[in-house]
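Order-wise, the sequence lines are chains A and B.
Everything in the first sequence is counted per my numbering, starting at 39 for the first residue and increasing by one.
Everything in the second sequence is counted per my numbering, starting at 121 for the first residue and increasing by one.
Backbone N, C-alpha and C fix where the C-beta goes; we use that ideal spot for every residue, glycine too.
Here the structure is a predicted model, which means the values were calculated and not measured.
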Amino acid sequence: MSNFLGLILIGVGLAFDVFGCLGLVRLPDVYNRLQAATKCVTLGTCSILLGTFLIVGFSAQGMKALLCIVFLILTAPVAAHAIARGAHRAGIKLCDESCVDRYKEDKEGEA
Amino acid sequence: MSESEDIKFLKWVVGTIVFVSLIIFIITCPLPFLFYKKLPFVAFYSRAVFIILLASSMCLYRIARGPTGADRIVAIDILGILIVGFCAVLTICTSRSWYLDIGIAWALQSFISTLALSKYLEGKGFDE
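So, in structure tokens, the structure goes:
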């Protein structure tokens, strides 16, 4: 039973990975690509690791898979936030269709 | 104007043909000889390996053809997360536990390198 549940979780994670990378190719802007790819690929990889834990059970490999999930959930949003902040401060422009820029408004309000 | 629209349509058609043919190749040709045959669901795991390779080839396309440096940094971060999932699938296929050690170390190293690259990007904006 847990074997089939793990297979289903691995399939869902593979679908999330492929669609996140498709967004990385197709979207027009740095910030759109970051927003599409980071969330989808983090959730997909965590789903693959949870499926690995359900298949191999409570052994050394399963515990390592859980530890890897904790590391990914802790580190991936921090890395994405650092990239977005660095790109905005380096002066990379938004795409033409975007209509609001809250970070620029906040910096103008402080200064 | 019509010429650029024609070129955009042509690029869209070529990309769709390449993507659909890769998906059809993965579904119809699972290549199960890469792993040993006694494993249950060996065709599913080999297809999973090829799907992750397809996703990482999209990341390599974005690394090669990013307009700015931030695109390349995003693609490198995503590639590092994908490789962790690849190591998890290889752990199930070969039942060796040190592939997940590689995954944990790769996740931490990718986090540190992404922080360093984004700091470099920020400093480059300050200098100019």
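- Rounded to whole angstroms, the gap between the alpha carbons of D55(A) and V94(A) is 22 Å.
- Here V50(A) carries a helix assignment [DSSP, helix/strand/coil].
- Distance between A184(B) and L62(A), taken at the CA atoms: about 13 Å.
- Per the C-alpha coordinates, the member of C78(A), L88(A), G58(A) positioned closest to I46(A) is L88(A).
- In the structure shown, F129(B) falls within a helical segment according to DSSP collapsed to helix, strand and coil.
- For the pair A190(B) and I130(A), the CB atoms are nearer than the 9 Å cut-off.
- Distance from the CA atom of C59(A) to the CA atom of N70(A), rounded to whole angstroms, is 12 Å.
- For T80(A), the uninterrupted alpha helix (DSSP H) run begins and ends at 68 to 94, by DSSP.
- The beta carbon of K131(B) sits no closer than 9 Å to any beta carbon of chain A.
- Straight-line spacing of the CA atoms in F129(B) and D134(A) works out to 21 Å.
- In this structure, the beta-carbon distance from V194(B) to L92(A) does not fall below 9 Å.
- In the displayed model, V209(B) falls within a helix according to three-state DSSP.
- Cβ contact annotation for G51(A) (same chain, cutoff 6 Å, sequence separation greater than five): G82, S85, I86, in chain order.
- Residues are counted here when their Cβ sits less than 8 Å from a Cβ of chain B; for the region 122 to 140 of chain A these are R123, G124, A125, R127, A128, G129, I130, given in chain order.
- If you ignore the 5 residues before and after I146(B), its C-beta comes within less than 8 Å of the C-beta of R167, F170, I171, L174, all in its own chain and listed in chain order.
- A straight line joining the alpha-carbon of I198(B) with that of E146(A) spans about 32 Å.
- Annotation: Cβ neighbours of G51(A) in chain B (cutoff 8 Å, chain order): G205.
- One alpha carbon belongs to V209(B), the other to D126(B), and they sit about 42 Å apart.
- Relative to the Cα of F161(B), the nearest Cα in the group F42(A), D139(A), G124(A), K142(A) belongs to F42(A).
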